[in-house]
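J.:
Residue numbers (the numbering used here): 22 to 299.
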C-alpha cells in the first residue's frame, strides 16, 4: 500500500507536468550601426555592451531583433549569447550576411525549432527584394517552435515593416497569408516587430480579427512610447508591438526604459516584452 507522502508527491509531480507553460518574448530595434549619430555616445561601439547587459539581465526566452547589421551587431549578440541561445536570421540584401538582419534568438534549453526560414515583403517573397513601393528590403523571419517538456507548439514571426501605408498594407496581407501557409495545425501565433505605425492605423485591422496587441490586453502594462527618438519628445511614438493569438493569455507587458551600462538610452527604440501563458 502506498504511503500518504508517496501519493502526495505523485499528485504534485503530475500538477507540475500539466502546468501551462509561460514564455517571455522580447522585441528590440537596436538601431543600425551604420547610422551617423549626432551624439557620439549613441554610436553602436559605445552602447553595444549596454545592449548586451540589458539582454543578460532580462533573459528573454525568445528575442526578435530589428535593424541589427549582420556583421557587427547581429553577429556580436548572436555569438556572445551562443551559450544560452540559438539563432535564426539572414542579411536582408542577399539572404546571407549583407546588411541588416531581423532574426531572432531563442533559449536552447526551453525551445526546440521545428521549422523556420525567411521571406521578404515584396512581389517576390522568396528572394531578397525591396518592399513593394519603397527601396528597403523588409524580411520576415519565422519559426515553428515546441516548448520542451510539453506538447505546446507555436508559430513565431519577427519583422520590420515599411515606411509607407501601401507597403505596410501589402506586407501585412502577405504576412497573414504566410501565417496560414506555415500553420496548417492552427497553432498559436506570436508576431513581433517595429511596424513603423501606431495601433490605430488601419493596417492592423485584418490582424485584429485573430490577434491582440499584448500591450492592450495584459493586466499589467504601460503606455510608454517605444520609439524614443534619442530623447526628442516631439517624435516619440508607440510603433513596436508584440501581437499574440487571442487563445494565448498575456500576463504582463513592459516597455523597458531603464538605463543600462551608464546609458539612459541604449537605442532609439526601447525593448518591449510580454509574458504569455499557453
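Each residue gets a CB set at the ideal place from its N, CA and C atoms; glycine is no exception.
Looking only at DSSP bridge pairs, what is residue 289 linked to?
T.: According to DSSP, residue 289 bridges with nothing at all.
J.: If we count Cβ pairs, one from each stretch, closer than 8 Å, do we get three or more for the stretch 272–290 versus the stretch 96–115?
T.: No: fewer than three Cβ pairs fall under 8 Å.
J.: Would you check if the distance between the CB atom of residue 140 and the CB atom of residue 179 is smaller than 7 Å?
T.: No, the Cβ-Cβ distance between residue 140 and residue 179 is not below 7 Å.
J.: On the three-state DSSP scale, how would you describe residue 223?
T.: In the structure shown, residue 223 sits in a helix (DSSP, three-state: H, G or I).
J.: For residue 33, count neighbouring C-beta atoms within 10 Å of its own C-beta (all shown protein chains included) and say buried if the count is 16 or more, exposed if not.
T.: Summary for residue 33: the model assigns pLDDT 49, below 50, so the residue's position carries little reliability; its value from the coordinates is reported in the next sentence. Burial call: exposed.
J.: Which residues in the same chain as residue 260 place their Cβ atom closer than 7 Å to its Cβ, once the five residues preceding and following it in sequence are excluded?
T.: Result list for residue 260: 215, 216, 217, 218, 219, 247 and 248, in chain order.
J.: Starting from residue 261, follow the beta strand (DSSP E) in both directions and report where the run begins and ends.
T.: From DSSP, the beta strand (DSSP E) with residue 261 extends over 261–266.
J.: For residue 49 and residue 254, I'd like the C-alpha separation in whole angstroms.
T.: In a straight line, the C-alpha of residue 49 is about 20 Å away from that of residue 254.
J.: Leaving out five residues on either side along the sequence, give the residues of the same chain with a beta carbon under 7 Å from the beta carbon of residue 138.
T.: 163.
J.: If I measure Cβ to Cβ from residue 236 and keep anything under 6 Å in the same chain, skipping five residues before and after, which residues do I get?
T.: Result list for residue 236: 242 and 274, in chain order.
J.: Need the endpoints of the beta strand (DSSP E) that residue 234 sits in, please.
T.: It spans 232–234 - the beta strand (DSSP E) in which residue 234 sits, taken as one unbroken run.
J.: Go ahead and label residue 326 buried or exposed: buried means 16 or more other beta carbons lie within 10 angstroms of its beta carbon, across all protein chains shown.
T.: Because the chain in this structure spans residues 22 to 299, residue 326 falls outside the shown range and cannot be described.
J.: In this structure, does DSSP put residue 112 in helix, strand or coil?
T.: Three-state result, residue 112: strand.
J.: Does DSSP put residue 182 in a helix, in a strand, or in coil?
T.: Note: residue 182 maps to coil in three-state DSSP.
J.: Between residue 193 and the rest of its own chain, which residues show a CB-CB distance below 7 Å, the 5 nearest in sequence each way excluded?
T.: Once the five neighbours on either side are set aside, the close Cβ partners of residue 193 are 224, 227 and 228.
J.: Secondary structure at residue 45, three-state DSSP: helix, strand or coil?
T.: Strand at residue 45.
J.: Considering only residues of the same chain and omitting the five flanking positions on each side of residue 167, which have a CB-CB separation below 8 Å?
T.: Within the same chain, residue 167 has close Cβ partners 132, 133, 135, 173 and 174.
J.: Going straight from the alpha carbon of residue 188 to that of residue 154, what length do you get?
T.: Approximately 6 Å, taken between the alpha carbons.
J.: Is DSSP giving residue 203 helix, strand or coil here?
T.: Three-state result, residue 203: helix.
J.: Rounded to whole angstroms, what's the CA-CA distance from residue 181 to residue 170? Just pull it up for me.
T.: In a straight line, the C-alpha of residue 181 is about 32 Å away from that of residue 170.
J.: Quick one: grab the DSSP three-state call for residue 161.
T.: Residue 161: strand per DSSP, three-state reduction.
J.: If we call anything under 7 Å between Cβ atoms a contact, is residue 88 one with residue 111?
T.: Going by C-beta atoms, residue 88 is not nearer than 7 Å to residue 111.
J.: Take the Cβ of residue 90 as the centre, count every other Cβ of all protein chains shown within 10 Å, and call the residue buried at 16 or more, exposed below.
T.: The residue in question, residue 90, is buried, as its Cβ has 16 or more Cβ neighbours within 10 Å.
J.: Do residue 71 and residue 245 come within 7 Å of each other at the CB atom, strictly closer than that value?
T.: Cβ atoms of residue 245 and residue 71: not closer than 7 Å.
J.: Taking the straight line between their C-alpha atoms, what separation do you get for residue 240 and residue 143?
T.: Spanning the two alpha carbons is a distance of roughly 37 Å.
J.: Taking residue 201 as the reference, give the member of 75, 68 and 176 with the closest Cα.
T.: Answer by Cα proximity: 176.
J.: So which of 250, 64, 266 and 257 has the shortest CA-CA distance to residue 238?
T.: The residue with the shortest Cα to Cα distance from residue 238 is 266.
J.: Tell me whether residue 78 is buried or exposed, calling it buried when 16 or more other Cβ atoms sit within 10 Å of its Cβ.
T.: That one is exposed.
J.: Measure from the alpha carbon of residue 161 to the alpha carbon of each residue in 127, 129, 185 and 121, then state which is nearest.
T.: Nearest of 127, 129, 185 and 121 to residue 161, Cα basis: 121.
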